[in-house]
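Peer 1: Here this note's numbering is used: the first residue of the sequence shown is 71, the next is one more, and so on.
Ideal Cβ placement from N, Cα and C applies to all residues, glycine included.
One structure coming up, written as structure tokens, with questions to follow.
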Amino acid sequence: MEHTLLLNASYEPLKVVPWRKAITLCCQGKVEIISVYDREVRGVRLSFKLPSVIRLLRYVRIRRRFDYVPFSRANIYARDEYSCQYCG
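In structure tokens form, the structure reads like this:
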């Protein structure tokens, strides 16, 4: 099935969502449709063209932690170039 690109209010790409979630957001009035596919989904009373790109009407702040690496055994090995510090 077709997937939909979800953009922030500032046109930054956030993620790819299924078309059902995109239609739900459209019916709730939370997004604006930017582009549509040729395919159509029909309900009892309504028919929708499947959205290919939608934009949120409200800005969503994205938390990015570039300076934080979680402490784990795998990350310790990656830091030490996958070699044991005791054995060499």
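Apart from the five residues on each side of it in sequence, which residues of its chain come closer than 7 Å, Cβ to Cβ, to L127?
Peer 2: A79, K100, V101, E102
Peer 1: For Y81 and S117, I'd like the C-alpha separation in whole angstroms.
Peer 2: 27 Å
Peer 1: G113 to I146, Cα distance in whole Å?
Peer 2: Distance from the CA atom of G113 to the CA atom of I146, rounded to whole angstroms, is 54 Å.
Peer 1: Does the beta carbon of M71 come closer than 8 Å to any beta carbon on chain C?
Peer 2: The displayed structure is made up of one protein chain only, and chain C is not part of it.
Peer 1: Spell out the partners DSSP gives T74 in its beta bridges.
Peer 2: Note: T74 sits in a beta bridge opposite V87.
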